[in-house]
Amino acid sequence: MVVMMSFSFQLLLHTIFSLFFFLITTSSSQHSNQFCEAGIGYGESTCGTTSSSSSSSSKLLIKGGTVVNAHHQHLADVYVENGIIVAVQPNIMVGDDVYVIDATGKFVMPGGIDPHTHLAMDALGITTVDDFFSGQAAALAGGTTMNIDFVMPVNGNLTAGFEVYENKAKKSCINSFKFFMAYKGIIMVNDELLLEGLKKCKSLGALAMVHAENGDAVEAGQQKMIELGITGPEGHPLSRPPALEGEATSRAIRLADFVNTPLYVVHVMSIDAMEEIAKARKSGQRVIGEPIASGLALDDSWLWHPDFDTAAKQVPSLVSLYLMSPPIRSKGHDKALQAALATGVLQLVGTDHCTWNSTQKALGIDDFRKIMNGVNGIEERMHVVWDIMVESGQISVIDYVRLTSTECARIFNIYPRKGAILPGSDADIIILNPNSSFEITAKSHHSRSDTNVYEGRKGKGKIEVTIAGGRVVWENNELKVVPGTGKYIEMSPYSYLFDGLDKKDAIYLNSLQAPVKRAKTTT
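If you use mature numbering (1 follows the signal peptide of the UniProt record, and there is no 0), the sequence shown corresponds to residues -29 to -1, 1 to 494, in order.
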């Protein structure tokens, strides 16, 4: 094993580790022009048209809005210089060189942080359609100003995987590792490796993250479905039921407790997994549960329609738009996850954004095991969570900020630089109009995917402005970004989740009453 860099970078066989990305900043090019400059475009091109905008000013005032942080909200102006929030107070007066945005009647909140994405990911020789540019451009249009991505091993080699990502993303700062308990024979870890990985994470102050499904049982379930002649998309959830997610979640929690290290469970999709997290947290164990937007908003009812085209979301040759792992569950799991999020059992919302186009998804038309797993969400998350959780009255606006931004910043040790509207914080800001409406469709989204799992969804609460690094990058339904201007954010180890663990270790050692001193027998 190799340790390198001051951020406690550690190679662990068959695991992946996280890269942390600050999203693309602003340019003066129009929405249609951004992709022309990059040599990549969506639909019809209007290359050559440019416009200047006062939003490129390094000084910015957001006036008259309700500023919302994770613990309070109040009417105030927000003044920004050179990408940093300078002042948050009422009635700030500025000169003519400052770009002013009127936020009267609207909420001014920290930009969203998506803790779980897969951009430019290679799997089985195929690459997701969203790279770091299109995926992060989509994020900005949806109010997310930072995302956490994952480096995948190449042929089981993490060093090679890291080198590939260096070419894609230049630099990294690492304070977490993710372990797959599924995908047997590819990237799955057994209990021995997981246990060793948890120990190493603890020693580094790095957060252990797990994809919790019983990979051995999933493989057996897949074989059972094939033997039964179930080869269509319904074979996917049938082969990996909620019980297998619950079992793996329970096992990971117990192993983390044995080591006495924090645990982060990614994409919690079932009641079974959620209840294991609830029990652990009630006992005082430091476990973080991350539901994702699709698990909160969708169910698997589309799978059971007898018409294949309907099961494929009426896209020709598309086997399954919705397939991901763990699967989107049956009705009831979504509501239970929403309730768990509202009551604090689950702590933040991700997306597991991993997009494929309809042609790539169709590769599993005769065998569900070959379907590329993954759904979109990086652009939709903030709107979907607002509509499902805030508009329904399940959570407050303050809770919304905590669940979509602040708690993620705290967990990954970048608060209050991120996740807050405070003097000294980075100026990653969104302005949400609670009286405006949104509609989600593949025709207008910014992902390169030709489908959208939230197709046709409408709701109230629209993000009208996104500001990243003090620059307006989304305004008047116009995206103003260019490739290569993003930043990496250093994330130090030992977040608040590690506070006091040494004391718990000491209490444990003092309680052992061992080794027992016994008189030696003589012969």
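Even glycine gets a Cβ: it sits at the ideal position worked out from N, Cα and C. Source: prediction; values computed, not measured.
{"Asked": "Reference L334; option with closest CA among L317, R300, L292 and K306", "Found": "L292"}
{"Asked": "Through-space distance from N481 to V(-28), alpha-carbon basis", "Found": "Legend: pLDDT at V(-28) = 24, less than 50; position of this residue unreliable, value from coordinates given subsequently. Approximately 33 Å, taken between the alpha carbons."}
{"Asked": "Y293, DSSP secondary structure in three states", "Found": "coil"}
{"Asked": "T377 to Q193 span [Cα, whole Å]", "Found": "39 Å"}
{"Asked": "Cutoff 8 Å; reference K475; Cβ partners in own chain excluding five residues on either side", "Found": "N231"}
{"Asked": "Helix, strand or coil at Y371 [DSSP, three-state]", "Found": "helix"}
{"Asked": "Between the CA atoms of H207 and V189 - distance to the nearest angstrom", "Found": "9 Å"}
{"Asked": "N- and C-terminal bounds of the beta strand (DSSP E) containing G82", "Found": "Run containing G82: none; DSSP gives neither H nor E here."}
{"Asked": "At least three beta-carbon pairs within less than 8 Å, the segment 90 to 110 to the segment 263 to 272", "Found": "no"}
{"Asked": "DSSP state of P208 mapped onto helix, strand, coil", "Found": "helix"}
{"Asked": "Cβ shell of R388 (< 7 Å), same chain only, five flanking positions each side left out", "Found": "S396 and D397"}
{"Asked": "Residue nearest to R419 in terms of C-alpha spacing, selected from A109, Y70, Q60 and G176", "Found": "A109"}
{"Asked": "Reduced DSSP secondary structure (H/G/I, E/B, other) of H238", "Found": "coil"}
{"Asked": "Residues bridged to Y70 (per DSSP)", "Found": "L31"}
{"Asked": "With 16 other Cβ atoms within 10 Å as the buried cut-off, status of Y235", "Found": "buried"}
{"Asked": "Cβ-based neighbour list, D187, same chain, cut-off 8 Å, excluding 5 preceding and 5 following", "Found": "K155"}
{"Asked": "Distance between beta carbons of M353 and G113, contact taken as under 8 Å", "Found": "5 Å"}
{"Asked": "Contact set for I242: own chain, Cβ-Cβ below 6 Å, skip 5 residues either direction", "Found": "H304 and A307"}
{"Asked": "Segment contact, 8 Å Cβ cut-off, at least three pairs: the segment 318 to 337 with the segment 399 to 417", "Found": "no"}
{"Asked": "Below-8 Å beta-carbon distance, G303 vs any chain D residue", "Found": "The question asks about chain D, but that chain is absent: this structure has only one protein chain."}
{"Asked": "Unbroken stretches of the beta strand (DSSP E), 3 residues or longer, contained in the segment 410 to 457", "Found": "429 to 439 and 442 to 446"}
{"Asked": "Alpha-carbon spacing of P298 relative to E167, whole angstroms", "Found": "28 Å"}
{"Asked": "As assigned by DSSP and simplified to three states, the class of A94", "Found": "strand"}
{"Asked": "DSSP-derived helix/strand/coil call for I224", "Found": "helix"}
{"Asked": "Unbroken beta strand (DSSP E) run spanning D187, endpoints", "Found": "From DSSP, D187 is part of no beta strand (DSSP E) but of the alpha helix (DSSP H) over G186 to E198."}
{"Asked": "Through-space distance from A477 to K488, alpha-carbon basis", "Found": "21 Å"}
{"Asked": "First through last residue of the alpha helix (DSSP H) which encompasses E163", "Found": "D162 to L175"}
{"Asked": "Alpha-carbon to alpha-carbon, M462 and V122", "Found": "16 Å"}
{"Asked": "Beta-bridge partners of N404, as assigned by DSSP", "Found": "K433"}
{"Asked": "Among S363, A380, N384 and M295, the one whose alpha carbon lies nearest that of G432", "Found": "S363"}
{"Asked": "Residue environment, S272, which counts as buried when at least 16 other CB atoms sit within 10 Å", "Found": "exposed"}
{"Asked": "The segment 97 to 105 touching the segment 55 to 72, judged by at least three CB pairs closer than 8 Å", "Found": "no"}
{"Asked": "Coil, strand or helix - S25 by DSSP", "Found": "For S25, the predicted model reports a pLDDT of 40, less than 50, meaning its position is unreliable; a value from the coordinates is still stated below. Helix at S25."}
{"Asked": "Bridge partners - E52, DSSP secondary structure assignment", "Found": "K30 and I55"}
{"Asked": "Span separating the alpha-carbon of W275 from that of P213", "Found": "17 Å"}
{"Asked": "I97, buried or exposed, once every other Cβ within 10 Å from all chains shown has been counted against 16", "Found": "exposed"}
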